[in-house]
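Chemist: The structure follows.
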Amino acid sequence: MINLMRHMGNSGKLAVVAAFVSLGLLVMAAVVLEELVLYLFLGSVLICYLASLVQVFNRRRYLVVLLAAAGTSVFIGCSIAFLRMWGIAFNQDANALGSAVSTRDSDIYFYLAAVAGLGTLAVLFLGAVVPSFGSRAAVPAKRTPTTTKRTSSPRKPAPRAGTPAKRPAPRTPTAPGKRPASSASSQRKPASKR
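Under my numbering, the first residue of the sequence shown carries the number 1, and numbering increases by one thereafter.
Printed below as a string of structure tokens:
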């Protein structure tokens with residue numbers, strides 16, 4: 001499984017783990033009907049959403065980001081409409097926020113919100129997890145290294161096989177060289193007592 005996820009970054013791997021955790025928590029929430037498990041499920045879905053969004057931005061898949069933004073807007077709008085209709089329907093004062101609306105019409109907003117939310121998560125998750133097939137073909141071939149010109153020291157021509165190579169004449173010193181003073185002679189000798 002690690003080899004299948006090598007094309008993803010850390011956020012893509014986190015999105016995969018959060019998706020599996022959220023599926024497990026969804027099953028557990030359906031079995032135990034506990035409120036804490038439902039909150040854990042919603043938290044893992046949110047982590048999956050954010051990690052997928054970061055991975056999609058890292059891969060520069062801006063069409064997926066645009067689709068996710070549209071789906072998120074529809075999800076939020078339909079969720080608010082669904083909750084608003086239920087709030088108006090259960091209000092005791094009929095004229096508090098306008099005319100009362102029957103809760104029978106609110107089901108369509110619930111279904112639209114659910115479809116928009118699931119569709120947005122699916123688009124983001126697939127955009128984060130599926131490898132890009134065109135990127136491998138677009139990788140440029142290796143360039144050959146260019147040779148640099150050396151201007152500081154020109155090359156000497158190689159000796160030909162037929163001619164003997166010239167050797168430089170040995171130097172003869174013009175003046176006898178002075179011997180450097182040793183460390184022992186540079187120190188003062190103690191004066192002898194008379």
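Even for Gly, the Cβ is constructed at its ideal location relative to N, Cα and C.
Closest to Leu-14 by C-alpha separation, out of Met-28, Val-45, Ala-68, would be which residue?
Modeler: If we check each option's Cα against that of Leu-14, Val-45 comes out closest.
Chemist: What's the gap between the Cα of Ala-30 and the Cα of Met-8?
Modeler: C-alpha separation (whole angstroms): 32 angstroms.
Chemist: Please state whether DSSP places Leu-33 in a helix, a strand or coil.
Modeler: It is coil, neither helix nor strand.
Chemist: Determine contact between the segment 125-134 and the segment 77-87, defined as no fewer than three beta-carbon pairs at a distance below 8 angstroms.
Modeler: No, because fewer than three Cβ pairs between the segment 125-134 and the segment 77-87 fall closer than 8 angstroms, the two stretches do not touch.
Chemist: Take Arg-136 and list the residues in its own chain whose beta-carbon comes closer than 7 angstroms to its own, dropping the five residues that flank it on each side.
Modeler: Legend: pLDDT at Arg-136 = 48, less than 50; position of this residue unreliable, value from coordinates given subsequently. For Arg-136, where only same-chain residues beyond five positions count, there are no Cβ hits under 7 angstroms.
Chemist: Report all residues from its chain with a CB closer than 6 angstroms to the CB of Val-16; omit the five preceding and five following residues, and keep chain order.
Modeler: Correct list: empty, nothing qualifies.
Chemist: To the nearest angstrom, how far is it from the Cα of Phe-20 to the Cα of Leu-63?
Modeler: Their backbone Cα atoms lie some 25 angstroms apart in a straight line.
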